[in-house]
Each structure stands twice: as C-alpha cells, then as structure tokens.
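The structure appears below as structure tokens.
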Amino acid sequence: ARDKSFGLIEMVSDEEITDAYKILASKEGIFAEPASAASLAGLIKLKKNGYFNKEGATAVCTLTGHGLKDPDFAIKNSAPLPSFPASLKEVVKAIGF
Numbered sequence: 001a002r003d004k005s006f007g008l009i010e011m012v013s014d015e016e017i018t019d020a021y022k023i024l025a026s027k028e029g030i031f032a033e034p035a036s037a038a039s040l041a042g043l044i045k046l047k048k049n050g051y052f053n054k055e056g057a058t059a060v061c062t063l064t065g066h067g068l069k070d071p072d073f074a075i076k077n078s079a080p081l082p083s084f085p086a087s088l089k090e091v092v093k094a095i096g097f
C-alpha cells in the first residue's frame, strides 16, 4: 500500500510522540492516544528534515485513538493541576481576571 500510494513510513521516538501529543492537546484541544500522535510526530520530523519542499503544502494526519485508551499517559505527561480555595474570588484570580 505504501509503494502504490507513493507513501512514506518514518520511525519516531517516544519523545517525539510525547511532544506531538502535547501539541495536539495544547494547540488543538485534541485528547489523542499516544499511538495517534505518532502520525503528527512523523510529519513534524519530516518537516524538520526538509522533506517538504513546497511552502503551503497540505498534509493529513489521521488520529484514530482517543486519549482515554491510555489515561495513565495523560496523567504522567501533564502539568499538575492548580489548587486553590473554593471561592468565586479565588477562581476568578486563578483564571486571570
């Protein structure tokens, strides 16, 4: 299938997958499974290595796994949640108003 579609398969590291996972969550609001983030990790790696030579080209990454398939990964790779007293004043302060 790869050859018939002129496709490409690239290896990515766990660190690259984690970075892509965090980008999906922080920039797009997508809670993906780490295996799904691998497609974005590969795209980022190819871009960094100069694979794409056309500015403004379109690429598609398929994300099929939801983050709830591996909640431990999300917990391990997320910043700690803020904690503050349960009052309107403190909530408003915590969100920056």
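Take 1 as the starting number for the sequence shown in UniProt numbering and just add one per residue. Using N, Cα and C, we set each Cβ at its ideal position, and we do this for glycine too.
At 4 residues or longer, what runs of the alpha helix (DSSP H) sit wholly inside the UniProt domain "Tryptophan synthase beta chain-like PALP" (4 to 65)? 14 to 23, 34 to 48
Pick out whichever of N53, S36, D3 has its Cα sitting closest to the Cα of L68. S36
DSSP three-state call for I75: helix, strand or coil? helix
Using the Cα positions of L81 and F6, report the straight-line distance between them to the nearest angstrom. 44 Å
CA-CA distance, K93 and M11? 44 Å
Pair within 8 Å by beta-carbon distance, S39 and L63: yes
Can you tell me whether G96 is helix, strand or coil according to DSSP? coil
Euclidean distance between Cα positions of F52 and I95: 40 Å
Taking the alpha-carbon positions, what's the P71 to K54 distance? 37 Å
Closest to L46 by CA distance: which of H66, L88, C61 is it? C61
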